[in-house]
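Protein chains in written order, with our numbering: chain A, 11 to 538; chain B, 536 to 653.
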């Protein structure tokens with residue numbers, strides 16, 4: 011095969027992978043980009059959690075005593091301590107006899123299956139230990155983030171495999187794109203803004219792709235590397251006979267023992283936290299988990315915050331729950347540490363605002379690369395093949411998966427402000443609104459053809475402005491007030507919504523001006 | 536350009552047939568690459584444990600990380616090959632041989648038991 015035809019075959023690979031999985035990749039990138047600021051969006055979506063940080067640490071013993079009766083018999087009880095990004099504490103357990111406490115469906119925790127329909131997630135005010143009212147929303151941590159990695163189809167589900175396949179396709183697209191776009195640096199400095207149509211779209215695709223290339227490679231590979239044991243099961247089957255838990259116990263210095271079935275006591279959790287913090291030699295505790303609470307074989311895991319480092323190694327310390335004696339604390343081994351570093355690059359658990367913003371911007375650039383790739387193909391097909399039913403369907407799919415998804419996200423935020431107060435049903439209603447809005451945007455794209463681009467941009471602009479206005483009107487937290495008190499989580503979300511609305515509005519206007527010009531050209535050509 | 540279709544039917548566009556063939560090639564390549572990468576990483580993990588004395592977890596993680604890159608690289612290699620169809624067939628053959636060796640010769644080289652997982 012000559013160099014030309016090799017390049018042609020790789021161009022074909024690059025194009026078809028992009029076309030076949032572009033919509034899915036855009037959704038994964040978009041949700042992942044939003045998840046970079048998931049805790050901040052949570053504050054926007056859960057007004058009851060907009061608390062000022064308290065100086066005094068929360069006593070884990072006090073919180074445990076409060077839930078002791080309800081949590082005894084639950085497979086797991088987890089307390090997530092407040093942090094700079096999340097000023098509320100969070101308690102998770104499966105109550106044995108309290109249906110009323112079941113607030114949200116959340117799944118499993120670290121491989122231990124929890125009865126989904128009865129899992130309680132309670133938010134605690136760290137200032138006084140009081141249980142905060144049910145926010146009635148999944149927020150960003152309960153929707154954008156899980157959508158990003160399993161499409162809301164559940165942990166270990168087919169959704170995770172679909173995301174894995176899309177990740178692999180992205181990695182292949184990047185590799186083939188590097189060969190296809192041989193003159194990377196020349197292309198990076200080539201942005202013919204004065205040109206219209208396909209040429210400008212391709213320039214944007216190349217420039218955005220090259221600018222964020224290291225990020226795209228790192229984020230795609232690290233995304234796949236997080237679930238290495240799921241995507242490539244053969245090594246696990248050879249070395250651990252398929253035992254995922256055994257792998258974690260071994261590679262991440264985990265600990266596990268069976269339940270005894272006899273009642274047991276509970277030593278001081280605060281003392282265990284203090285001991286763990288001494289063992290770490292710096293860094294504070296982020297989470298306390300009790301496995302089999304109330305059982306004589308119960309054990310406590312205290313994990314460290316990862317907000318001061320890239321490596322996502324929580325350095326777990328295990329204690330016997332009844333006596334408080336240390337059961338296990340060992341550093342993870344080098345390869346596992348390298349894998350946790352790669353995972354940490356993806357999770358962005360670290361508190362570094364400049365890096366976090368760069369992740370957000372590069373994530374948006376990833377979305378732009380995917381969208382402009384599809385758009386360029388569309389423009390070229392229009393030029394070479396003329397209008398056809400298949401082309402119209404492809405255009406509708408691209409519109410629905412880009413502006414349609416962004417519009418559905420804005421609808422989700424609007425629903426969060428406008429739905430009447432409620433519990434878990436309200437949270438699920440928000441997700442239904444998201445789904446219905448996405449379907450509506452897709453139907454609109456089918457019905458309106460090319461005009462859908464402009465109209466959906468206008469709808470996103472209006473929706474973004476309405477979300478900011480509703481937040482100010484219904485919670486009293488307008489931009490001046492939030493920024494005045496230094497609440498960048500809520501104020502920043504409002505600002506990003508306003509900037510997004512402005513960009514969408516500008517795009518709608520620009521597309522509106524381009525449409526009559528195109529119509530004039532067609533009229534002149536047919537008159538000739 | 537068109538090609539004659541079955542008797543009594545309209546000719547099919549050649550471009551569409553080429554695209555369908557390439558899509559089949561792409562799917563086979565992805566499946567073959569995944570197959571080879573998975574089997575080979577399984578071998579690698581056992582080799583690291585048995586021959587180099589690595590801890591099971593460490594061997595599993597490293598081989599999986601390598602496997603992800605190998606899988607993506609194999610797809611690109613097939614399409615960059617002089618004859619992608621032949622490369623894809625070779626890939627599928629490697630997968631079959633690698634799996635077959637594991638099943639037929641359970642104690643290859645007396646070093647690693649490459650038999651089917653227990």
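All C-beta atoms, glycine included, are put in the ideal place defined by N, C-alpha and C. Model, not experiment: these values are computed from the prediction.
Would you grab the beta carbon distance between residue i and residue j for me? Rounded to a whole angstrom, and I think it's under 8 angstroms.
i             : j             : result
residue 610/B : residue 182/A : 5 angstroms
residue 1/A   : residue 441/A : Missing from the structure shown is residue 1/A; chain A here goes from 11 to 538 and no further.
residue 235/A : residue 349/A : 6 angstroms
residue 326/A : residue 263/A : 6 angstroms
residue 310/A : residue 300/A : 5 angstroms
residue 507/A : residue 37/A  : 20 angstroms between Cβ atoms; not a contact.
residue 150/A : residue 55/A  : 7 angstroms
For the beta strand (DSSP E) that residue i lies in, which residues bound it at each end?
i             : result
residue 337/A : 336-338
residue 132/A : 130-134
residue 300/A : 295-301
residue 382/A : Residue 382/A -> not in any beta strand (DSSP E); alpha helix (DSSP H) instead, spanning 363-395.
Taking the straight line between their C-alpha atoms, what separation do you get for residue i and residue j?
i             : j             : result
residue 380/A : residue 40/A  : 10 angstroms
residue 368/A : residue 358/A : 11 angstroms
residue 226/A : residue 272/A : 52 angstroms
residue 112/A : residue 585/B : For residue 112/A, the predicted structure reports a pLDDT of 35, less than 50, and the residue's modelled location is therefore unreliable. A value from the coordinates is still provided. Each residue's alpha carbon lies about 49 angstroms from the other.
residue 479/A : residue 490/A : 12 angstroms
residue 306/A : residue 86/A  : 14 angstroms
residue 35/A  : residue 76/A  : 44 angstroms
residue 365/A : residue 419/A : 24 angstroms
residue 191/A : residue 20/A  : 10 angstroms
residue 356/A : residue 463/A : 32 angstroms
residue 519/A : residue 388/A : 21 angstroms
residue 221/A : residue 595/B : 34 angstroms
residue 459/A : residue 469/A : 16 angstroms
residue 382/A : residue 561/B : 23 angstroms
residue 96/A  : residue 474/A : 24 angstroms
residue 45/A  : residue 52/A  : 10 angstroms
residue 74/A  : residue 64/A  : 19 angstroms
Confirm, please, whether the CB-CB distance from residue j to residue i is below 8 angstroms.
i             : j             : result
residue 346/A : residue 276/A : no
residue 6/A   : residue 58/A  : A query on residue 6/A cannot be resolved here, the shown segment of chain A reaching from 11 to 538 and no further.
residue 392/A : residue 615/B : no
residue 599/B : residue 613/B : no
residue 230/A : residue 282/A : no
residue 134/A : residue 101/A : yes
residue 515/A : residue 455/A : no
residue 242/A : residue 591/B : no
residue 294/A : residue 336/A : no
residue 174/A : residue 239/A : no
residue 94/A  : residue 502/A : no
Classify residue i as helix, strand or coil using the three-state DSSP reduction.
i             : result
residue 357/A : helix
residue 590/B : coil
residue 315/A : coil
residue 99/A  : strand
residue 540/A : This structure cannot settle anything about residue 540/A, because the visible part of chain A is limited to 11 through 538.
residue 141/A : strand
residue 77/A  : helix
residue 90/A  : strand
residue 327/A : strand
residue 305/A : strand
residue 273/A : strand
residue 310/A : strand
residue 618/B : coil
residue 56/A  : coil
residue 542/A : This structure gives no information on residue 542/A, because the portion of chain A shown stretches from 11 to 538.
residue 254/A : helix
residue 18/A  : helix
residue 162/A : coil
residue 151/A : coil
residue 320/A : coil
residue 502/A : helix
residue 567/B : helix
residue 68/A  : coil
Would you kindly report the start and end of the unbroken alpha helix (DSSP H) that includes residue i?
i             : result
residue 418/A : 413-428
residue 288/A : 279-290
residue 435/A : 434-458
residue 243/A : 243-250
residue 233/A : 223-236
residue 476/A : 461-485
residue 178/A : 168-190
Run the proximity test for residue i: is its beta-carbon closer than 7 angstroms to any non-hydrogen atom belonging to the ligand ZN?
i             : result
residue 137/A : Looking at this structure, you won't find the ligand ZN or any other ligand, since it has none at all.
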